[in-house]
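Just so we're aligned: the sequence shown equals residues 1 to 382 in the working numbering.
Using N, Cα and C, we set each Cβ at its ideal position, and we do this for glycine too.
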Amino acid sequence: MNIIMKRTLLFTLLMMFAVTAAAQKRYDEIKYPKLNEFKKANVEEFQLDNGIKFYLVEDKELPLIRVSATIRTGSLQDPEGKEGLASMTGELMREGGSVNYPADKLNVLLEDKAAFMSTFIGQGSGSASMNILKEDFDELLPVFVDLVQNPLFPEDKIELSKTQRKSGISRRNDDQASIANREYSKLIYGENSPLTRQIEYATLDAISREDIVAFHKEAFVGNNMTFGVIGDFDTKEMKKKLEEAFGSLPAGTENNLIYPEINYSFPSTVNFINKSDVNQSYVLVGHIGGLRENPDYAKIQMMNQILGGGFAGRLFQTVRTDLGLAYAVGGGYGSNINYPGTFSLFVMTKSSTTAQAIDALIAEVEKMQTNPVTKKELEDAR
1 MNIIMKRTLL
11 FTLLMMFAVT
21 AAAQKRYDEI
31 KYPKLNEFKK
41 ANVEEFQLDN
51 GIKFYLVEDK
61 ELPLIRVSAT
71 IRTGSLQDPE
81 GKEGLASMTG
91 ELMREGGSVN
101 YPADKLNVLL
111 EDKAAFMSTF
121 IGQGSGSASM
131 NILKEDFDEL
141 LPVFVDLVQN
151 PLFPEDKIEL
161 SKTQRKSGIS
171 RRNDDQASIA
181 NREYSKLIYG
191 ENSPLTRQIE
201 YATLDAISRE
211 DIVAFHKEAF
221 VGNNMTFGVI
231 GDFDTKEMKK
241 KLEEAFGSLP
251 AGTENNLIYP
261 EINYSFPSTV
271 NFINKSDVNQ
281 SYVLVGHIGG
291 LRENPDYAKI
301 QMMNQILGGG
311 FAGRLFQTVR
321 TDLGLAYAVG
331 GGYGSNINYP
341 GTFSLFVMTK
351 SSTTAQAIDA
361 LIAEVEKMQT
371 NPVTKKELED
381 AR
């Protein structure tokens, strides 16, 4: 080996050691750059006669346009005995295509244009969105409107959706975390609360195509829809295009989503679920949470980060790192918009250390009440 090759090899090895040493910095040694200044966007607002509200924001950085709608509907409106109706409706709008663009035709069109359209209905809201190139907007806007207004809901897609959901039901007790979180919600909100109702084989079988069509007809009307449009466009021209495209949608009647009353007074209990095929525990400890309208909401988020937020959180540092009692640990105080969240701490531990892990969780909560947050913890959380 000549001297040049030796020097090259030595230099390479030194560089490898230097890179390795640099990569081994502790998380608390990492220096974070200053955050970029937040600039509020200029928003153009307008409303059609049929009740649809629009919010437009020009962004010419890329030749893209995103249209996103929020619909006032949700699984809270599922009739008793037909749980799954709302979510199936949201899924099948896109999966089944529309009257003028059935699923296969729609899929080919979107693939050719590198475009994306989706629909979804969750617990307390629905959505419909489209991401496309600016040059394709005039061609694809009518397709999107047809998908929102005239979904096809073919019987074969309905049956496929039911089969897939039944498959999910058959596996819902395979995972400890899924079981624990499902039953924990029932303990907090109530066994028969609209917030905790489950889709079952029987409820899926009870849903007909007529039910889906009727649910869509009631939900996807002007008075239930709010659109946001952002991208590379001229606001004046976009406003005209949207008025022409969506002006014919029926106004309909505004949905009134009724959230159940939550009882803040309930006894402290210990509840077990036996799963004999595992040798570890998934534990949830907590109680009812709060609402985002709480004036202390921002402070609560900081507390969540310090207590249970990631590797630097007190729970992780104590229960997992120092005590070695957890595979995973975390949690925090949850806050929802329309109904209270839950304060939930979780830990995954060996069956033999379950009691110790629970004691450690509770001890850390008590320390949050007695041990002041340090300046470093506060800065890291920010």
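| task | Could you tell me whether the stretch 234–243 touches the stretch 160–180, where touching means 3 or more Cβ pairs closer than 8 Å? | result | At 8 Å Cβ cutoff, the stretches do not touch.
| P142 versus E155: straight-line alpha-carbon distance, rounded | Residue numbering aside, residue 142 sits at position 142 when the sequence shown is read from its first letter. Residue numbering aside, residue 155 sits at position 155 when the sequence shown is read from its first letter. So the alpha carbons of these two residues sit roughly 24 Å apart.
| task | Pull up the distance between the alpha-carbon of Y339 and that of D78, whole angstroms please. | result | Reading the sequence shown from its first residue, position 339 is the one you call residue 339. Reading the sequence shown from its first residue, position 78 is the one you call residue 78. C-alpha separation (whole angstroms): 18 Å.
| message | Just to check my reading of the structure: M93 and T119 have Cβ atoms closer than 8 Å, yes? What is that Cβ distance to the nearest angstrom? | response | Looking up residue 93 in the sequence shown gives position 93. Looking up residue 119 in the sequence shown gives position 119. About 4 Å separates the two Cβ atoms, so the contact holds.
| Which partner residues does I71 have in the DSSP bridge list? | Start at 1 with the first residue of the sequence shown, and residue 71 comes out as number 71. G126, M225, per the DSSP bridge assignment.
| query | Are three or more beta carbon pairs between the stretch 326–341 and the stretch 300–312 nearer than 8 Å? | reply | With three or more CB-CB distances shorter than 8 Å, the stretch 326–341 counts as touching the stretch 300–312.
| query | Going by C-alpha distance, which of I52, K217, T196, N263 is nearest L242? | reply | By 1-based counting over the sequence shown, the position of residue 242 is 242. Selected option, being the one with the closest Cα: I52.
| task | Give a yes or no on contact between the stretch 61–76 and the stretch 98–113, applying the rule of three or more CB pairs nearer than 8 Å. | result | With the cut-off at 8 Å, the stretch 61–76 and the stretch 98–113 do not touch.
| Same chain, Cβ closer than 7 Å to F46, neighbours up to 5 away in sequence not counted | Reading the sequence shown from its first residue, position 46 is the one you call residue 46. If we look at F46 and ignore the five residues flanking it on each side, its Cβ neighbours are F54, K239.
| query | Where does the unbroken alpha helix (DSSP H) through V386 begin, and where does it stop? | reply | Not covered by the structure: residue 386. The range shown for the chain is 1 to 382.
| field | For S248, the three-state DSSP class (helix, strand or coil) | value | Residue mapping note: residue 248 aligns to position 248 of the sequence shown, counting from 1. Coil at S248, not helix or strand.
| Short Cβ contact (9 Å threshold) for N67 with S129 | By 1-based counting over the sequence shown, the position of residue 67 is 67. By 1-based counting over the sequence shown, the position of residue 129 is 129. A quick correction: the sequence has Val, not Asn, at residue 67. When the beta-carbon positions are compared, V67 and S129 come within less than 9 Å of each other.
| request: Leaving aside the five residues before and after G290 along the sequence, list all residues of the same chain whose C-beta is less than 6 Å from its C-beta, in chain order. | output: In the sequence shown, counting from the first residue as 1, residue 290 sits at position 290. Answer for G290: S335, P340, listed in chain order.
| task | Pick helix, strand or coil for N338, following the three-state DSSP scheme. | result | In the sequence shown, counting from the first residue as 1, residue 338 sits at position 338. In this structure, N338 counts as coil in the three-state DSSP scheme.
| message | Does D205 pass the burial test, meaning 16 or more other C-beta atoms within 10 Å, or should it be called exposed? | response | Position 205 of the sequence shown, counting from 1, holds the residue named residue 205. Answer is exposed; the Cβ neighbour count stays below 16.
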